[in-house]
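Visitor:
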Amino acid sequence: MAFSLLLVVVLGAGALFFVAHVAMPEDRGQHVFAPDLVRRGGELAALGYCASCHTAEKGQPFAGGRPLATPFGTIFGTNITPDPESGIGLYSPAAFARAMREGIDRVGRDLYPVFPYNHFTRLEDKDIDALYAFLMTRAAVAAQNRANQLAFPYNIRPLLAGWKLLYLDKFRVTERPDLGRYLVEGLSHCGACHTPRDRLGAEIASQHFDGGEAEDWWAPPLNANSPSPVPWTEESLFNYLRSWDAEHGGAIGPMAQVVAGLASVPEQDVRAIAAYIGSTMAKQGESDGPVEDNQTQAMQAHPQGAELYAGICATCHETGGHVPFTVASLGQHTSLYAPDPRNMIHVVLEGAHPPEGTVGAVMPAFADALSDEQIAEIIAYLRARFSGGAQWENVEDEIARIRRRTSP
Amino acid sequence: MNAPVFTPSRRNVLAGALILSFSLRALPSLAQDQDNAASKPPLPGSLKRAPMLDAWIRIDADGVITAFTGKCEIGQGIRTALMQVAAEELEVDPHAVHLITADTARTANEGFTSGSNSMKDSATAIRNAAAQVREILIGVAAERLGIAADQLHAQSGAVVGPDNRRIAYGDLVAGDVLHVTAQPVSKLKSPDALKMIGQSMPRVDIPGKVTGGIAYVHDLRLPGMVHARVVRPSSYDARLLSVDTSGIEKMPGVMKIVRDGSFLGVIAEREFQAIAAMHALTVAAKWDVATKLPDEGNIFGFIESLPAEEHVIADKHADSAPGTRTLEAVYHRPYQMHGSIGPSCAVASFDGDALTVWSHAQGMFPLRKGIAEMLHLPDEKVRCIHMEGAGCYGHNGADDAAADAALLACALPGRPVRVQWMREQEHQWEPYGPAMVSRARASLDIAGNIVDWEYEVRSNTHSTRPPGAGQFLAARHLEQPFKPGPPRPGEQPDGAGDRNSVPLYALPNVRVGYQFVPDMPLRVSALRGLGAYHNIFAIESFMDELAIAAGADPVEFRLRHMQEKRARKVIETAAQRFGWSSASMTEGSGRGFAFARYKNLGAYCAVALEVDVEHESGRVRLGRVVAAVDSGQAVNPNGIANQIQGGIVQSASWTLYESVRFNQTRILSQDWSTYPILRFGNVPESVDVHVVDAPGEPFLGTGEAAQGPAAAAIANAVTNATGTRIRHLPLSAARVKAAIGV
Amino acid sequence: MITLNVNGRSRDVDDAPNTPLLYVLRDTLELNGAKFGCGLGQCGACTVVVDGKPVFSCLTPIAILQGRKITTLEGLGTEDAPSPLQRAFIEEQAAQCGYCIPGMIMRAHALLTGNAAPTDAEIREHMNANLCRCGTHMRILQAIKRAARGMQAADARAPAQEVRP
Ligand code: FES
Ligand code: FES
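Residue numbers (numbering that gives the first Met the number 0), protein chains in the order written: chain V, 0 to 407; chain W, 0 to 741; chain F, 0 to 164.
#1: Considering only C-alpha positions, which residue in the set F:F88, F:A152, F:I104, F:C131 is nearest to A116 of chain F?
#2: Roughly how many angstroms separate the alpha carbons of S121 of chain W and I56 of chain W, rounded to a whole number?
#3: Comparing the C-beta of K208 of chain W with each C-beta of chain F, is any distance below 9 angstroms?
#4: Secondary structure at A96 of chain V, three-state DSSP: helix, strand or coil?
#5: Would you mind telling me which residues of chain F sit closer than 8 angstroms to V242 of chain W, beta carbon to beta carbon, in chain order?
#6: Using beta-carbon positions only, say whether A132 of chain V and A62 of chain V come within less than 9 angstroms of one another.
#7: List, in order along the chain, the chain F residues whose C-beta lies closer than 7 angstroms to that of W671 of chain W?
#8: Strictly below 9 angstroms CB to CB, what residues from chain F border I378 of chain V?
#9: Could you tell me which residues DSSP pairs with C604 of chain W in its beta bridges?
#10: At a Cβ cut of 9 angstroms, what residues of the segment 65-96 of chain F count as close to chain V, listed as they run along the chain?
#11: Secondary structure at C189 of chain V, three-state DSSP: helix, strand or coil?
#12: N17 of chain F to C42 of chain F, Cα distance in whole Å?
#13: With 9 angstroms as the threshold, decide whether the Cβ of G32 of chain F is near any Cβ in chain W.
#14: Is A44 of chain F a contact residue of ligand 1, with contact defined as CB to any heavy atom under 8 angstroms?
#15: What residues from chain F crowd round F679 of chain W, counting only those whose CB sits closer than 7 angstroms?
#16: Can you pull the chain W neighbours of I104 of chain F, defined as C-beta to C-beta under 7 angstroms?
#17: Using three-state DSSP, classify D53 of chain W as helix, strand or coil.
#18: Three or more C-beta pairs under 8 angstroms: does that hold for the segment 306-316 of chain V against the segment 689-696 of chain W?
#19: Does the beta-carbon of C37 of chain F, which I'm using as the reference point, lie nearer than 8 angstroms to any heavy atom of ligand 1?
#20: Can you tell which of V:D396, V:G304, V:L130 has the C-alpha that lies nearest to the C-alpha of E42 of chain V?
#21: So, T136 of chain V versus G248 of chain V, is the Cβ gap smaller than 9 angstroms?
#22: Comparing the CB of F55 of chain F with every heavy atom of ligand 1, is any distance shorter than 8 angstroms?
#23: Considering only residues of the same chain and omitting the five flanking positions on each side of S187 of chain V, which have a CB-CB separation below 7 angstroms?
#24: Could you work out which residues of chain F lie near E306 of chain V, taking near to mean beta carbons separated by less than 8 angstroms?
#25: What are the start and end residues of the alpha helix (DSSP H) that includes N297 of chain W?
#26: I'd like the span of the beta strand (DSSP E) that includes D11 of chain F, first residue to last.
#27: Extract the residue ranges of the beta strand (DSSP E) inside the segment 162-247 of chain V, only unbroken runs of 3 or more that lie entirely within it.
#28: Straight-line CA distance for R156 of chain V to V347 of chain V?
#29: Terminal residues of the continuous alpha helix (DSSP H) containing T572 of chain W?
#30: Consult DSSP for G72 of chain V and reduce its assignment to one of helix, strand or coil.
#31: Taking Y656 of chain W as the query, report the chain V residues whose CB atoms sit under 7 angstroms from its CB, ordered along the chain.
#32: Taking the beta carbon of P708 of chain W as the centre, do at least 16 other beta carbons fall within 10 Å, making it buried, or is it exposed?
#33: If we ignore side chains and look at the alpha-carbon of each, how far apart do G264 of chain W and V230 of chain W end up?
#34: Is there a Cβ of chain F sitting closer than 9 angstroms to that of L23 of chain W, yes or no?
#35: Helix, strand or coil for L521 of chain W per DSSP?
#36: Is it the case that the Cβ atoms of S658 of chain W and Y330 of chain W are separated by a distance below 9 angstroms?
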């Protein structure tokens with residue numbers, strides 16, 4: 000509570016400073032956009048993953064409704080189709096640019112920073128124009144926004160002004176970086192998931208790309224702190240971001256949506272992202288030796304997990320990569336070296352299911368076949384076998400927690 | 000003369016033919032029939048191939064009725080339909096008919112169960128044979144009772160007289176009364192007297208299948224049976240250089256590792272042991288990977304660059320109004336696979352002298368011929384018995400699995416050997432439906448009528464089936480390999496790559512060409528509908544393109560060019576039941592219509608449907624689907640509806656998603672993750688089928704009738720929804736999205 | 000020796016503990032219901048029910064099944080006395096080749112056990128794990144709905160029977 004109080008005081012001070020943004024006038028004009036601008040806007044929307052937060056599962060594209068769990072409560076993605084009542088149809092270009100850069104909606108309310116305006120603030124005018132052109136040419140969907148479910152005091156919007164005072168300016172940059180950096184730090188907002196956040200939900204600048212989280216998945220570091228046993232290179236990042244990398248595997252969980260979007264953007268954009276991230280991940284004097292495999296010790300230490308693994312997982316994962324969408328050794332997957340077991344648990348419980356009709360990894364969900372204890376055994380065995388013995392704590396509790404969360 | 004060639008021992012016939020050791024191998028060839036044809040009208044259906052009545056219908060002294068078909072049950076419900084047909088003319092309950100399907104030792108040689116010919120060939124034969132048997136029995140009874148035959152009738156397995164005197168069939172079959180040659184004309188029951196034909200009799204195989212009965216060759220368990228797996232080369236032409244089997248021989252349960260050239264297999268006591276040993280062999284085997292496949296990205300350019308034989312399929316010219324507008328279009332269809340849910344399986348048993356093979360291949364006689372050739376055995380030392388498999392939809396891995404089992408069984412005489420392919424083997428090695436390209440060009444006159452139609456289709460062969468031993472994978476991999484036979488283009492009127500390449504519409508000027516490409520970069524063979532799937536997709540897409548150009552409603556435009564009465568009826572029925580209209584729908588939604596008569600000889604089928612296209616992703620979702628079908632005299636309407644529904648849903652999967660992927664050495668479509676197909680999440684909202692009965696008309700093949708119309712209806716609906724025409728299958732989300740733009 | 004509880008009967012099997020249940024059911028216990036389709040958890044042909052949940056038997060080693068209740072197609076009913084769900088499949092003629100159907104029935108059985116009145120969307124979603132290549136999907140959906148209706152009707156009748164003396 001003391002913290003909350005402090006928060007109210009600090010943010011309140013900011014709020015006093017910034018109160019009452021002006022409402023931007025309704026824009027009911029007919030805009031005509033150049034086809035090339037709309038097309039680039041579509042590519043930028045994919046590079047910014049707009050759909051992933053603004054489209055509900057099985058919902059209409061960009062019509063909002065997707066629940067986004069944050070430490071402060073659940074926020075629902077909003078309708079950004081050009082519907083005048085429920086969407087952003089009344090936004091003028093200026094109102095749209097203000098929302099993107101300053102996190103203020105058309106009528107002047109502050110937006111929660113789960114909408115990453117702290118990154119979008121870096122966007123160049125021409126890209127904001129393109130995004131505007133793209134969104135305004137989507138099918139208008141009448142779908143009312145859902146009310147957020149936030150605890151006090153986070154439900155007091157004006158406090159956000161204080162938040163912005165604290166954080167937003169830090170992101171503003173003026174020089175035009177190279178394309179990769181521009182995308183990664185701006186539109187693609189990689190740091191939103193891959194940088195840890197402080198208690199106010201802001202990315203901790205000093206720990207840039209040190210690893211964060213998204214929808215209860217661990218988002219690995221995108222810098223030299225990456226625990227991946229197989230070094231990431233520009234090429235492997237490109238493969239991964241496009242579909243699948245033979246060395247590291249493919250995206251799963253929230254990242255899978257990002258990759259699905261990147262499949263349709265121009266190759267040069269994805270190459271630029273891969274090059275920039277490749278540079279941030281580069282390690283000194285790295286070499287690609289084989290993944291360490293302590294199979295014998297792991298079997299002795301976790302015989303039950305070893306047996307489960309052999310009877311279930313090995314069918315696909317111990318074939319030296321012969322089964323499509325498996326890598327030569329499970330030990331090449333970064334998630335095994337994470338600080339917590341969440342990704343492993345998600346994968347085992349939920350499996351992998353590509354969108355209908357598309358080529359992609361299919362892994363069955365084991366939630367029904369395996370008990371918490373059995374999953375914990377398998378994880379312990381794999382952890383011992385590949386990551387040198389350091390075990391995660393409370394794995395069974397985590398499994399139970401994630402089960403509750405994912406199966407209503 | 001036919002009769003003397005067919006000489007089963009009289010004893011067997013008298014004993015009710017329960018123990019049948021003779022073979023029907025030496026049946027008169029079709030050529031002989033054709034000689035006879037000059038003097039007599041031809042025998043109906045497959046009676047041409049096996050003219051003795053007791054090759055089709057036998058009746059024991061105890062009254063047990065057995066019908067024989069050389070066709071196979073492949074999930075199309077033929078077993079039930081044939082029982083209905085036999086029962087109808089014999090005036091018995093269908094369940095009283097014991098039906099034997101293709102078995103080289105027992106049934107007539109009816110070639111392959113393919114091309115939707117089973118009803119036309121086999122049901123016609125059985126129906127005529129049954130009618131003639133009935134009349135013979137009535138004749139015998141008349142003699143015995145001293146009553147005129149026209150005073151007698153057949154009823155519930157007996158011949159019944161006016162005073163209610165009855166003689167059971169079993170008491171009438173003494174002697175070889177049924178061992179006679181069929182007559183060309185039978186006294187068939189009149190359409191209005193039919194009791195069984197036309198009834199949606201529940202399929203006899205379903206209760207066993209839903210409760211765990213032995214239903215498939217996969218379920219066959221013989222005493223002493225052992226399990227085997229094969230290791231296929233790493234790519235099409237790879238050669239096995241070496242394999243160290245020493246450790247693998249000692250694995251639990253392993254009985255024998257069989258190697259002959261590049262053919263590699265392992266036999267073990269239990270199935271999972273065989274699988275474990277197969278995995279070990281896969282790792283141990285060293286291959287010379289020689290295969291060079293074309294670039295998948297340019298596969299159509301590659302096919303266009305291959306030499307082709309030119310065939311003219313249709314060329315007719317008449318006076319017509321001058322054309323004022325000409326449209327042209329090119330259509331593509333990729334390689335697509337059968338993808339049976341159950342990988343191919345066979346059981347074989349060799350006693351040191353003769354071999355028996357149980358298989359779900361579609362032709363037992365050709366299979367026998369091929370296996371006999373491969374093993375250097377005389378034909379009569381090989382017996383092939385059909386048992387059901389998972390749905391095959393054409394020539395899949397079944398024949399190859401049978402050859403595998405035969406080779407392995409010969410390596411371990413005395414023990415029946417069961418082989419099942421693994422999923423990745425089925426995906427990588429089955430012969431695919433060939434990639435195809437076609438070009439259409441047509442002109443409209445001022446009134447919007449088609450005056451000139453040109454169409455050319457380019458394709459590989461659509462059949463690489465046995466009998467040649469070289470058609471089996473295993474035989475090609477032997478130390479002394481067999482070579483596959485020369486690929487054949489197929490023949491009109493059925494056609495193969497050119498199947499349904501001639502439009503059924505009444506057009507004054509038509510020219511259709513078939514460019515047959517002998518070279519096959521990928522292994523291909525018959526896939527449900529053969530070229531009809533592509534040609535109907537192309538022709539019926541093009542009809543819509545022309546209708547749009549003419550400013551006409553697509554259904555009206557079709558009717559405008561269609562004179563065949565039954566075709567019109569089917570088109571009208573589908574349109575009316577669907578509630579067809581050309582009023583525009585909400586944005587992103589569209590309607591589509593298509594029609595074809597399968598092979599221009601089989602069932603008539605029209606499909607109307609609606610789709611939603613998600614603009615942002617290009618994803619196509621199917622809404623209501625309505626089809627109308629005329630299969631001639633409908634034997635089992637529910638069975639027909641089942642076939643059409645299934646055909647539509649399967650075609651939707653092909654049309655929206657499917658394309659075999661490969662790189663320059665190997666096939667990359669190895670499982671359902673790399674060859675995704677339709678799942679429940681995206682099946683249509685509903686599929687309604689209206690069977691337009693045609694009493695008294697011949698049975699028409701139905702099994703493949705829906706594939707083409709469903710594909711074209713989807714393509715037409717996507718155009719209707721998006722304003723963009725996509726002529727390249729599949730209509731994947733990415734392709735649709737690329738076509739409609741941002 | 001591993002002891003399995005299959006369809007209410009306890010069965011001792013001598014297969015290696017890492018043997019997937021599918022092969023033990025088919026080869027050792029000679030039950031035909033579960034089918035091999037892919038062995039990779041992608042098609043559902045091998046689906047059986049373990050402790051009320053649908054499970055791919057091709058990826059479930061018998062070692063982890065001691066003490067758990069395994070139900071296969073054979074455990075639901077017989078040809079002479081089919082279960083309501085099996086009967087619904089017969090009544091809807093919901094099969095072409097039928098190879099996928101045992102897995103379909105078992106997956107549907109698990110659904111109806113937990114949710115007697117699933118919506119159309121729930122059925123489609125639940126059944127998404129199982130593939131059919133013959134295109135029998137529409138009839139499978141109909142059969143599941145028919146069985147659900149039948150079971151609800153039976154449920155509705157049940158209390159009335161209880162109040163009778
Ligand atoms: S056989 Fe088990 S999922 Fe396919
Ligand atoms: S009925 Fe044949 S696979 Fe489903």
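The beta-carbon is built from N, C-alpha and C at its ideal position, and this holds for glycine as well. Source: prediction; values computed, not measured.
Guide: Short version:
#1: For this step, residue 116 of chain F is matched to residue 117 along the third sequence. Comparing alpha carbon positions, the residue from F:F88, F:A152, F:I104, F:C131 closest to A116 of chain F is F:A152.
#2: Here residue 121 of chain W refers to the residue found at position 122 when the second sequence is read from its first residue. Here residue 56 of chain W refers to the residue found at position 57 when the second sequence is read from its first residue. Each residue's alpha carbon lies about 12 angstroms from the other.
#3: Here residue 208 of chain W corresponds to residue number 209 of the second sequence, with the count starting at 1. Chain F contact via Cβ: present.
#4: Looking up residue 96 of chain V in the first sequence gives position 97. The answer is helix: DSSP assigns A96 of chain V an H, G or I state.
#5: To locate residue 242 of chain W, count along the second sequence from 1; it is residue 243. Against V242 of chain W, chain F offers no close residue; the least beta-carbon distance is about 23 angstroms (beta-carbon pairs closer than 8 angstroms).
#6: Position 133 of the first sequence holds residue 132 of chain V. Position 63 of the first sequence holds residue 62 of chain V. No, Cβ-Cβ distance for A132 of chain V and A62 of chain V is not below 9 angstroms.
#7: Within the second sequence, numbered from 1, the residue matching residue 671 of chain W stands at position 672. By Cβ distance, chain F contributes C37, Q41, C42, L130.
#8: For the purposes of this step, residue 378 of chain V is identified with residue 379 of the first sequence, where counting begins at 1. The premise fails here: I378 of chain V is roughly 15 angstroms from chain F at the closest Cβ pair, so nothing lies under 9 angstroms.
#9: Here the question's residue 604 of chain W lines up with position 605 in the second sequence. Looking at the DSSP assignment, C604 of chain W forms a beta bridge with W:A595, W:V628.
#10: The segment 65-96 of chain F vs chain V, Cβ under 9 angstroms: nothing.
#11: Your numbering for residue 189 of chain V matches position 190 in the first sequence. Coil.
#12: Taking the third sequence and counting its residues from 1, one reaches residue 17 of chain F at position 18. Taking the third sequence and counting its residues from 1, one reaches residue 42 of chain F at position 43. The straight-line gap from Cα to Cα measures roughly 21 angstroms.
#13: Taking the first residue of the third sequence as position 1, residue 32 of chain F is located at position 33. By this cut-off, G32 of chain F is an interface position.
#14: Numbered from its first residue, the third sequence carries residue 44 of chain F at position 45. Yes, the beta carbon of A44 of chain F sits closer than 8 angstroms to at least one heavy atom of ligand 1.
#15: The residue you call residue 679 of chain W lines up with position 680 of the second sequence. Simply R123, M126, N127, H136.
#16: Translated into the one-based positions of the third sequence, residue 104 of chain F becomes position 105. What I104 of chain F touches in chain W: V209.
#17: To locate residue 53 of chain W, count along the second sequence from 1; it is residue 54. Residue state, collapsed to three classes: helix.
#18: The answer is no - the segment 689-696 of chain W does not touch the segment 306-316 of chain V, with fewer than three Cβ pairs under 8 angstroms.
#19: Against the third sequence, residue 37 of chain F aligns to sequence position 38. In this structure, ligand 1 has a non-hydrogen atom nearer than 8 angstroms to the beta-carbon of C37 of chain F.
#20: As a working mapping, residue 42 of chain V is identified with position 43 in the first sequence. Closest by alpha carbon: V:L130.
#21: For the purposes of this step, residue 136 of chain V is taken as the residue at position 137 of the first sequence. For the purposes of this step, residue 248 of chain V is taken as the residue at position 249 of the first sequence. The answer is no: Cβ separation not under 9 angstroms.
#22: Taking the first residue of the third sequence as position 1, residue 55 of chain F is located at position 56. The answer is yes for F55 of chain F.
#23: Taking the first sequence and counting its residues from 1, one reaches residue 187 of chain V at position 188. So the qualifying residues of the chain are L46, G47, I272.
#24: By one-based count along the first sequence, residue 306 of chain V stands at place 307. Neighbours of E306 of chain V on chain F, chain order: P16, N17, P60, A62.
#25: As a first step, residue 297 of chain W is located in the second sequence; it is residue number 298 there, counting from the start. Segment: none, N297 of chain W is in no alpha helix (DSSP H) and carries neither H nor E.
#26: Residue numbering aside, residue 11 of chain F sits at position 12 when the third sequence is read from its first letter. Taken as a continuous stretch (DSSP letters only), the beta strand (DSSP E) holding D11 of chain F covers 8-12.
#27: Listed in chain order, the complete beta strand (DSSP E) runs (minimum 3 residues) inside the segment 162-247 of chain V are 211-213, 216-218.
#28: Counting from 1 along the first sequence, the entry for residue 156 of chain V is found at position 157. Counting from 1 along the first sequence, the entry for residue 347 of chain V is found at position 348. Roughly 39 angstroms between the two C-alpha positions.
#29: For this step, residue 572 of chain W is matched to residue 573 along the second sequence. Unbroken alpha helix (DSSP H) run through T572 of chain W: 564-577.
#30: Residue numbering aside, residue 72 of chain V sits at position 73 when the first sequence is read from its first letter. Note: G72 of chain V maps to strand in three-state DSSP.
#31: The residue you call residue 656 of chain W lines up with position 657 of the second sequence. Around Y656 of chain W, the beta-carbon contacts reaching into chain V at under 7 angstroms are G356.
#32: One-based indexing of the second sequence puts residue 708 of chain W at position 709. The Cβ neighbour count for P708 of chain W, taken over all protein chains shown within 10 Å, is at least 16; the residue is labelled buried.
#33: As a first step, residue 264 of chain W must be located in the second sequence, where it is residue number 265. As a first step, residue 230 of chain W must be located in the second sequence, where it is residue number 231. If you draw a straight line from the Cα of G264 of chain W to the Cα of V230 of chain W, it comes to about 6 angstroms.
#34: In the second sequence, counting from the first residue as 1, residue 23 of chain W sits at position 24. Note that L23 of chain W scores a pLDDT of 33, beneath 50, so its modelled location is shaky; the value from the coordinates is reported in the next line. Not an interface residue.
#35: Numbered from 1 along the second sequence, position 522 holds the residue referred to as residue 521 of chain W. In the three-state scheme derived from DSSP, where H, G and I count as helix and E and B as strand, L521 of chain W is classed as coil.
#36: Here the question's residue 658 of chain W lines up with position 659 in the second sequence. Here the question's residue 330 of chain W lines up with position 331 in the second sequence. The Cβ atoms of S658 of chain W and Y330 of chain W do not sit closer than 9 angstroms to each other.
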